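Chemist:
In our numbering, the protein residues as written are 130 to 190.
1) Which residues share a DSSP beta bridge with residue 185?
2) Does DSSP put residue 167 in a helix, in a strand, or in coil?
3) In the DSSP assignment, the alpha helix (DSSP H) including residue 177 goes from what residue to what residue?
4) By the three-class DSSP mapping on this structure, what secondary structure does residue 132 have?
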């Protein structure tokens, strides 16, 4: 039974490490309508923490 639990744990760990992680970029729209990227390759938490008025988090992948 211990061996089966070890195999399952190994498979779950491998699947999690291979799965692509969603990243975000922090964008703002300038007064002339252009989009400016303030930061990129952020986790959801980092993007939320970096947000300020006039900016938004956008999914990169």
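Just so it is clear, CB atoms sit at the ideal spot from N, CA and C, and this is done for glycine as well.
From a predicted model like this one, the values you see are computed outputs, not experimental measurements.
Modeler: The answer reads as follows:
1) 156
2) strand
3) 173-179
4) helix
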